[in-house]
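Enquirer:
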Amino acid sequence: MGERTASSSLPLPPMQYVKHYTDENILRGRAPSPPKPITDAYKMFDAPFHPDDPIIRPLESQGIRRLHPQSYDPKRELKKLNHSILVNFIDMIDVLIKCPDTSRREEKKDDLNLLFVHMHHLINEFRPHQARETLRVMLEVQKKQRLETAERFEKQLEKVAEMLKATTDSLPPDNQLPVEQLLDSTSRMIWNAREAKNAQEGREMPETPQCDPRDRLMCELVDNNM
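Counting from 1, position 100 in the sequence shown corresponds to residue 100 in UniProt numbering; the numbering is continuous, with no gaps.
#1: How would you call Glu121, buried or exposed, if buried means at least 16 neighbouring beta carbons within 10 angstroms?
#2: Only counting the same chain, and skipping five residues up and downstream in sequence, which positions put a Cβ closer than 7 Å to that of Met44?
#3: Between which two residues does the alpha helix (DSSP H) harbouring Tyr17 extend?
#4: Name the DSSP bridge partner or partners of Met44?
#5: Closest to Ile93 by C-alpha separation, out of Arg28, Leu112 and Pro128, would be which residue?
#6: Taking all protein chains shown into account, decide if Met15 is buried (16 or more other Cβ within 10 angstroms of its Cβ) or exposed.
#7: Along the alpha helix (DSSP H) that carries Ser84, what are the first and last residues, could you check?
#8: What do you reckon, is the C-beta of Pro100 under 6 Å from a heavy atom of the ligand ZN?
#9: May I ask you to report which of helix, strand or coil DSSP gives Thr168?
#10: Thinking just about the alpha-carbon of each residue, which of Lys197, Thr22, Thr39 and Ile38 is nearest to the one in Ala31?
#11: Using beta-carbon positions only, say whether Ile56 and Glu125 come within less than 7 Å of one another.
#12: Roughly how many angstroms lie between the CA atoms of Lys165 and Gln130, to the nearest whole one?
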């Protein structure tokens, strides 16, 4: 048996173009430049296009006969087209049953084709409006999310302000505090631990009635670190 050949679900890349875009050619600037934008008319799927054409081209510019007037109600015209398509489809079925080989079959087919082209054209004219509405809805959602976020920030800010105010109001003025209460909780905890340790070891704390409690605390901290 011969060697198995590898198969891929995708077609191979065009090697006549790939071989020019090697790493060396790109590094040396020898890779072909991309094609320039098209400025003249061109064809795509056998349909002529021009870069300056509007997004929704008029029917006349495409060589299609217009069935509705220039000024019209889109909803009404779509309903009329829908009814016309149903009627022509029923007529075409009747033609296929009674006389399928006559020219009326081609006429009905062309009529249905023209009606479907008009329906698609009217639907496509709604695309710019649909894009604007989609953008408007996206902006409204973003606006709502940002307003909700700002509102949550404001509530948190109010809570923080209330906490700070309550904490500030609970503190008495400095000139009314005795010296012992100026010591923070950490200092008092260290001092109490020192007293408990001396009591366990049978030692008494030195009596220094005229000593400032803060100076006494600093001396004890220095003694502990020696």
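Idealized CB from N, CA, C, for every residue including glycine.
Expert: From the atom records:
#1: By 1-based counting over the sequence shown, the position of residue 121 is 121. Residue identity differs from the one stated: residue 121 is His in this sequence, not Glu. By the 10 Å Cβ count, His121 comes out buried.
#2: In the sequence shown, residue 44 corresponds to position 44, counting from 1. Within the same chain, Met44 has no close Cβ partners at all.
#3: If you number the sequence shown from 1, residue 17 lands on position 17. Start and end: Met15 to Val18.
#4: Position 44 of the sequence shown, counted from the start, is the residue given in the question as residue 44. BP columns for Met44 point to Ala47.
#5: Counting from one through the sequence shown, the residue named residue 93 turns up at place 93. The shortest C-alpha separation from Ile93 is found at Leu112.
#6: Here residue 15 refers to the residue found at position 15 of the sequence shown. Met15 is exposed by the Cβ-count criterion.
#7: Translated into positions along the sequence shown, residue 84 becomes position 84. Segment Pro74 to Lys98, the alpha helix (DSSP H) holding Ser84.
#8: For the structure depicted, the ligand ZN is absent and the ligand set is empty, with no information on it obtainable.
#9: To locate residue 168, count along the sequence shown from 1; it is residue 168. DSSP, read as helix, strand or coil, puts Thr168 in helix.
#10: Translated into positions along the sequence shown, residue 31 becomes position 31. Of the candidates Lys197, Thr22, Thr39 and Ile38, Thr22 places its Cα closest to the Cα of Ala31.
#11: On the sequence shown, residue 56 is found 56 positions in, with the first residue counted as 1. On the sequence shown, residue 125 is found 125 positions in, with the first residue counted as 1. Ile56 is a Cβ neighbour of Glu125, given a cutoff of 7 Å.
#12: Numbered from its first residue, the sequence shown carries residue 165 at position 165. Numbered from its first residue, the sequence shown carries residue 130 at position 130. Straight through space, the alpha carbons of Gln130 and Lys165 are spaced by roughly 52 Å.
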